[in-house]
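For reference, the structure is listed below as structure tokens.
Chains as they are written, first to last, in the working numbering: chain A, 1 to 378; chain B, 379 to 825; chain C, 826 to 1144.
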């Protein structure tokens, strides 16, 4: 029956788009491209950090400390040198330090040094802390920071995931009830998202810990910590409630409002009308015609939200004495512990990059319009 | 002008807008008031001042208005001095250069607990001969208790609760309680009524003079209470207002304007300029904003101007560039732009006279809505200990409260006062920004 | 055109929209009939309420819909009486389907084209997915869309293809009536001709009836059996196409025909002075009167529908 005159020009355009667009291939190639781009971005980012840090010579200080520590330890512990006098040892140490400094390029111009620092930073070779040490006694900045990371991931992970799913689902049902009481409530409460999580943290501690005494003031677990794994887990959960609640509440109403507005705008799209005209059930319409097309936009917005959360969690952790990356940075400020501060900035950059990458990946999965190498309709 | 009026009328329909505007106007009023009544140097100086400046205040005193909410009234601090006439002084000269000064102060004590401390600061001027001062205390039931007698030096500080002779006389070291309690009641009960402090000083030289300050350290003080350094919290609360507003507004304004200009330039010139801006935006995305501020603050300087500048620089290349870019792209293709190019308008003219003005209505709600985040940023930096070293700000109050464990010690006012101000500021701008968004955002118009 | 045999019979259909400035009386008392296997073209200017009429028939009411009343008899049964759920299940797409204006936007961008066309079949015909897809393939054949396009996304198709997909989608449940709202206004002339050929063929093969809403009288004249003219929310003339194109009755219709350029014959294109009235407060009396060259005093009163040789016209000139 295809005796239709299908003009040749039209068909050529349709043909070009047949080039192997299976979802898996599309997404993996896109992710790879983004990964490479992200590595470049992180490198530039970290390099900038190093530049800023070393404007006052702080990177050099870290490096010098590192060399001195290593050399001194190396010589003192070396049995071959045990029989030397203290003075002889000192001389040996000084000579070795000088040669090491030369080896590491500390006598070279800054441009070269900065590249060395960059390489170190990218491989997370972050030096030694001045005052702080990890729970296991290590003074390596990398160990200190990485030890603290899981707690931060626990807090931010649970809050962000909860925030996302809860907001989207509530917003979806809210978009059906335009003008209702719930709708008005959410709109009225949206400005509460102007305040950061730590702000709500203070209030929550005041109410639930100081006045009502039903939840702990802060920390990760009760002390002394329960030996039983289950009890330990429960204790962590109990301590997780207030901090996570603060993070969630500080973004909740605005998020719900934003998604609900999206859904409202997109539910007036022609294809939603069409779906209604086709006589599809409202449940299906919501899922396939409102939620799925808006997913890419929602994810982009969520990415921005997550990045904002990463910015704020330092104080949130401090307010709750939550033993994560944030409070470590806070303490490092107090101690003026340069290596830790610089190191945490770098880990921070990595965290942000990974987050963006993850969300890019999900975005590619969800939006079929994403083509190789470009960002689709972002 | 009519556009402005029309939009204003539209705006007033939203109660959130009205509340927001009212809040902002109030804050502006307080800010102006603070700047006018407290000169900058005085504010900074007082804030940095220690005991010398603040000795008259008790430590950790809650605000005086707490008494409105409690049944048991707590004593409110006060300070009176002869020098400004709040304390009565009568000088009676007698023969031979000897003069007697009767200094008296009576006050009504209606509180349910004794004060923390009563202190008299006696300042005597003389050449060789020390004046002699005796202090007595008269209770409402007309008992007279001798406090102390002194040879008065140039500065004599009498802290009643630490006076050994008084302790012996009262047979207790709980001097304050003893001075204020009802002797007849078996349980400790405060005797309410008019108390009088009577001091008699005798000077032995012609130009010798004695001036007295009487300080009562109660549990409460003033409008806002005090902190651990005895500083009246009203000062940073008042003075923090213009600082918070200025930081927020400058940052929001600077960032919004610059972002818009950059987006416009990028879209207009396209090509490598556009690409470059895109790349910079991506890099900026993974640059840890707060961490860099922390680094700079710890290593270099915590000056608020530096922080402001850095904030703006790091915030310009944000994701908003993408949305502005999308809108500029649309405008770029429009016919009036084409017409402008046709008559040979310079690129800068097109950008600034045509593209950007269309953008401004969309800019306004974003600008207003972003102010709270900058206000909180400044407070966050202060809470982290990286606040401006000299300026008294709200964040600083929270920081000192937190590091002194205010919440654990029940000193809620210390944390709540700046927190509430922060919240009100945030809410005010957020509400206004919200309403503005409903009006100016074209996509929301149909809803 | 007896009403009992009619496939569709509308009586006094009213649809108002609530706006900030007042109710927009988009469909203001429309009476209308359509027989089986007939195509009626509804013409009118932009903003006369044509699209709203389509929405009213399909009960696709927007959020700000106000008054909605009247009778819609589909094969003798008043479907206005059905509740929303019954309407969804039995009428939407099962009995009446729609080809929207600008199908580009009417297709869900993130779902494959084949799936979308299959959806109504699955919902209304109760078939499983495989059977639905083979039905889709058949439909694609009817409209001239290559079978391989089933697994494509809408953005991978050209405008003309998308429109054909929309027609296929409207056909998949074999409804009796299809409402087409400006089906080709966004397409180039060649594709327009093709689409109309498709529609003609389907009408012949499947016996479908059409309501074709358009402002492009010229192209639609090929397909039309009947023509209805809509002005300011009302139908002002109704009759068979042949006599309409030869001799329109209502002054508005005459003016419309006079403004259509013809291929042959030197014709000075005419135009109609003035603007269509606002639908928020339509004037009393004949709504076309302010712009009508033939107006007289009677026109201050609302003209009744006058039947003249099986044609209906709402004009005092024929009273």
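Cβ coordinates follow ideal geometry from the N, Cα and C atoms, glycine included.
Contact check, residue i vs residue j, beta carbons under 8 Å
i: residue 1074/C; j: residue 1124/C; result: no
i: residue 257/A; j: residue 187/A; result: yes
i: residue 621/B; j: residue 814/B; result: no
i: residue 952/C; j: residue 975/C; result: no
i: residue 503/B; j: residue 530/B; result: no
i: residue 761/B; j: residue 592/B; result: no
i: residue 242/A; j: residue 280/A; result: no
i: residue 750/B; j: residue 776/B; result: no
i: residue 232/A; j: residue 118/A; result: no
i: residue 1046/C; j: residue 1076/C; result: no
i: residue 558/B; j: residue 455/B; result: no
i: residue 148/A; j: residue 323/A; result: yes
i: residue 893/C; j: residue 840/C; result: yes
i: residue 561/B; j: residue 494/B; result: no
i: residue 616/B; j: residue 408/B; result: yes
i: residue 867/C; j: residue 1036/C; result: yes
Nonlocal neighbours in the same chain, by C-beta distance under 6 Å from residue i, ignoring five residues either side
i: residue 14/A; result: Residue placement at residue 14/A is flagged as unreliable, the pLDDT there being 42, under the threshold of 50; a coordinate-derived value is accordingly withheld.
i: residue 341/A; result: 332
i: residue 197/A; result: 246, 247, 250, 312, 316
i: residue 926/C; result: 1006, 1007
i: residue 347/A; result: 145
i: residue 328/A; result: 148
i: residue 659/B; result: 695, 699
i: residue 5/A; result: Since pLDDT at residue 5/A reaches only 40, below the 50 mark, its modelled position is unreliable, and no value is offered.
i: residue 482/B; result: 466, 576
Opening and closing residue of the beta strand (DSSP E) in which residue i lies
i: residue 467/B; result: 466 to 471
i: residue 512/B; result: 510 to 516
i: residue 479/B; result: 477 to 487
i: residue 329/A; result: First-last for residue 329/A: 325 to 335, but that is the alpha helix (DSSP H), not the beta strand (DSSP E).
Contact set for residue i: own chain, Cβ-Cβ below 7 Å, skip 5 residues either direction
i: residue 11/A; result: A caution first: residue 11/A carries a pLDDT of 43, below 50, which makes its placement in the model too unreliable to give a value.
i: residue 488/B; result: 451, 570
i: residue 1143/C; result: 1074, 1131, 1133
Candidates the options, of which the one nearest residue i by Cα
i: residue 831/C; options: 943/C, 1138/C, 1119/C, 858/C; result: 858/C
i: residue 265/A; options: 293/A, 283/A, 239/A; result: 293/A
i: residue 284/A; options: 1138/C, 894/C, 933/C, 896/C; result: 933/C
i: residue 517/B; options: 454/B, 568/B, 676/B, 539/B; result: 568/B
i: residue 854/C; options: 1119/C, 1056/C, 1087/C; result: 1056/C
i: residue 486/B; options: 519/B, 475/B, 424/B; result: 519/B
i: residue 174/A; options: 359/A, 291/A, 210/A; result: 291/A
i: residue 71/A; options: 309/A, 104/A, 110/A; result: 104/A
i: residue 844/C; options: 1108/C, 1115/C, 1103/C, 1135/C; result: 1103/C
i: residue 881/C; options: 325/A, 330/A, 277/A; result: 277/A
i: residue 1100/C; options: 1116/C, 1110/C, 1107/C; result: 1116/C
i: residue 1108/C; options: 1137/C, 863/C, 1126/C; result: 1126/C
i: residue 819/C; options: 963/C, 956/C, 1093/C, 991/C; result: The structure shown does not extend to residue 819/C, since chain C spans only 826 to 1144, so no value can be given for it.
i: residue 703/B; options: 605/B, 676/B, 653/B; result: 653/B
i: residue 107/A; options: 64/A, 76/A, 94/A; result: 64/A
Enclosing alpha helix (DSSP H) for residue i [first to last residue]
i: residue 956/C; result: 954 to 968
i: residue 529/B; result: From DSSP, residue 529/B is part of no alpha helix (DSSP H) but of the beta strand (DSSP E) over 522 to 529.
i: residue 98/A; result: 86 to 103
i: residue 973/C; result: Looking at the DSSP string, residue 973/C is not in any alpha helix (DSSP H), and its letter there is neither H nor E.
Own chain partners of residue i with C-beta closer than 8 Å, once the 5 adjacent residues on each side are dropped
i: residue 2/A; result: Low local confidence applies: a pLDDT of 38 at residue 2/A is under 50, so the model's placement there is unreliable, and no value is given.
Closer than 7 Å: residue i CB and nearest the ligand FMN heavy atom
i: residue 173/A; result: Summarising the ligand content, the structure contains no ligands, and the ligand FMN is consequently not present.
Would you call the segment 1014 to 1022 of chain C in contact with the segment 981 to 989 of chain C, where contact means no fewer than 3 C-beta pairs closer than 8 Å? The count of Cβ pairs closer than 8 Å, one atom from the segment 1014 to 1022 of chain C and one from the segment 981 to 989 of chain C, reaches three, so the stretches are in contact.
contact_flag[the segment 707 to 722 of chain B, the segment 146 to 162 of chain A] where n(CB pairs < 8 Å) is 3 or more: The answer is no - the segment 146 to 162 of chain A does not touch the segment 707 to 722 of chain B, with fewer than three Cβ pairs under 8 Å.
With a cut-off of 8 Å, do at least 3 Cβ pairs link the segment 105 to 124 of chain A to the segment 49 to 61 of chain A? They touch, by the three-pair rule.
Pair every Cβ in the segment 471 to 482 of chain B with every Cβ in the segment 580 to 589 of chain B, then say whether three or more of these pairs are closer than 8 Å. These segments touch.
Given 8 Å, three or more beta-carbon pairs between the segment 704 to 714 of chain B and the segment 796 to 808 of chain B: Contact fails: fewer than three Cβ-Cβ distances are below 8 Å.
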